[in-house]
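Asker: Convert by adding 15 to the 1-based position in the sequence shown; the result is the number in this note's numbering.
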Amino acid sequence: MIALLSSSCSLADKANVVRQIEGAGFRVVVSDLGGQCRVGVVGQGAEKLVALLSDLPGVEDVRPMAAPYPLVSRECHPESTVIKIGKVRIGADRLAVIAGPCAVESREQIITAARYVRDCGGEMLRGGAFKPRTSPYSFQGLEKEGLVLLAEARAETGLPVVTEIVAAEDVDLIVEYADMLQIGARNMQNFRLLKAVGDQPRPVLLKRGLMATMEELLLAAEYIVAAGNPRVVLCERGIRSYEPATRNTLDVAAIPWLKARSHLPVIVDPSHACGVRELVQPLAMAGVAAGADGIIVETHPKPEEALSDREQALSPGDFAALMGQLAAVAAAMGRTCA
Ligand code: PEP
Ligand code: MN
């Protein structure tokens, strides 16, 4: 629910509106849009406050919120959010490029990848240490050793690192090593995990579930923000469709749809969206042209030796070429890149 305050509403009246809402046990989101102050009421049963708020001095109108995700919606927070991770800004003018292997496999592999990612203009390093694999017989990741190697790669190159968390009990461990926590597609609706990453200090990269609607993605983000962590980046990484030629189907429309409704940054993962090396570059370009704030892309020093997602890994040369091509699309979208 949103209370619209009149333009003549005094500071004391405004404070009183906020006090009344908080006193009734609800959360408040205040924003100014075109000179009109809006006070969003967040919480279960907010509609009970309609009568109380309507009678308060300074309140012009009380109306239901259009979206069921008030904290991540532009309704209460019209200005776009920029997520800061060290010197990196996701959601700002510069296109954010996050790149690295699917999984951390060895010191040599991750340090080599980190060096060429940085040299080509990438801003963050990715690499899974806890891998959610479809088969229990596939490489599961180096776990803690992988986190230690990621931290070494950061120390070597200065790139902040993002890695996936698959279980709430790993929060403290991963927070110790990583700069950003990734919630993978398979866990987008693991609500205990969403609450756990909402209650820790690192920003979160939230990937869209394999079968999730865009509204479900925004509600998953709402869980994280409601649990206390406002630093969330949304990621479109393809959804399941009937088409077997590609691993998933990139939902390009999701990018402008999400950006229109949410103030959170939106990035695109062209690698998992298609699963085919040759298609990664065109999908990355499509995502950036559709308004994505960045990309997360898989690259491996020796793709033919990758222990996971080999078919979609870009070689160092492919990655360098992609960065060159992205610069032109980024420029056309009014962004800088690399
Ligand atoms: C990954 O980033 O390696 C990954 C497993 O991605 P997703 O959760 O999108 O499948
Ligand atoms: Mn992968």
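Even for Gly, the Cβ is constructed at its ideal location relative to N, Cα and C.
When a residue counts only if its C-beta is closer than 5 Å to some heavy atom of the ligand MN, which residues count, in chain order?
Answerer: Selection output, chain order preserved: C117, D324.
Asker: For the alpha helix (DSSP H) holding G136, just list the boundary residues, first then last.
Answerer: Taken as a continuous stretch (DSSP letters only), G136 belongs to no alpha helix (DSSP H), as it is neither H nor E.
Asker: Hey, could you find the ends of the beta strand (DSSP E) I100 is sitting in?
Answerer: Element bounds for I100: 98-100.
Asker: Just to confirm before moving on: does the CB-CB distance between A241 and G213 stay below 8 Å?
Answerer: Taking 8 Å as the Cβ cut-off, A241 and G213 qualify as a contacting pair.
Asker: Per DSSP, which residues does S88 bridge with? Please list them.
Answerer: DSSP output for S88 lists S277 as bridge partner(s).
Asker: Give a single yes or no on whether E143 has its beta carbon closer than 7 Å to a heavy atom of the ligand PEP.
Answerer: In the sequence as displayed, the identity of residue 143 is Gly instead of Glu. Correct: G143 has its Cβ closer than 7 Å to the ligand PEP.
Asker: Any contact of the segment 316-328 with the segment 76-92, i.e. 3+ C-beta pairs under 8 Å?
Answerer: Touching, no.
Asker: Is any heavy atom in the ligand PEP found nearer than 7 Å to the beta carbon of P331?
Answerer: No, since every heavy atom of the ligand PEP falls outside the 7 Å radius drawn around the Cβ of P331.
Asker: Locate the beta strand (DSSP E) running through C250, then write down its first and last residues.
Answerer: Run containing C250: 247-251, per the beta strand (DSSP E) assignment.
Asker: Starting from the N-terminal side, write out each stretch of the alpha helix (DSSP H) that is 4 residues or longer and does not extend beyond the segment 18-65.
Answerer: Runs of the alpha helix (DSSP H) inside the segment 18-65: 26-38.
Asker: Do R53 and I105 come within 8 Å of each other at the CB atom, strictly closer than that value?
Answerer: No, they are not a contact pair.
Asker: I'd like to confirm something about P147: is its beta-carbon nearer than 7 Å to some heavy atom of the ligand PEP, or not?
Answerer: Yes; taking the cut-off as 7 Å, the Cβ of P147 has a heavy atom of the ligand PEP nearer than that.
Asker: What is the DSSP secondary structure of V190, counted as helix, strand or coil?
Answerer: V190 falls in the helix class under three-state DSSP.
Asker: Mind checking whether K222 and R252 have CB atoms under 8 Å apart?
Answerer: It is a contact, given that the beta carbons lie within the stated cut-off.
Asker: Determine which residues share a DSSP beta bridge with G143 and list them.
Answerer: G143 pairs with A118.
Asker: Terminal residues of the continuous beta strand (DSSP E) containing L196?
Answerer: Unbroken beta strand (DSSP E) run through L196: 195-198.
Asker: Going by DSSP, name the residue or residues bridged to L329.
Answerer: Answer is T314, bridged to L329.
Asker: Should E37 go down as buried or exposed, given a rule of 16 or more other Cβ atoms within 10 Å for buried?
Answerer: Exposed is the call here.
Asker: So, under 8 Å CB-CB, V44 and A236 are touching, yes? Tell me the CB distance rounded to an integer number of Å.
Answerer: Contact doesn't hold; Cβ gap of about 14 Å is too wide.
Asker: According to DSSP, what are the bridge partners of K222?
Answerer: Beta-bridge pairing links K222 to C250.
Asker: What residue range does the beta strand (DSSP E) around I180 cover?
Answerer: Taken as a continuous stretch (DSSP letters only), I180 belongs to no beta strand (DSSP E), as it is neither H nor E.
Asker: What is the DSSP secondary structure of Q230, reduced to helix, strand or coil?
Answerer: Checking the sequence shown, residue 230 turns out to be Glu, not Gln. It is helical.
Asker: Ends of the beta strand (DSSP E) at V77?
Answerer: Where V77 is concerned, the enclosing beta strand (DSSP E) stretches over 74-78.
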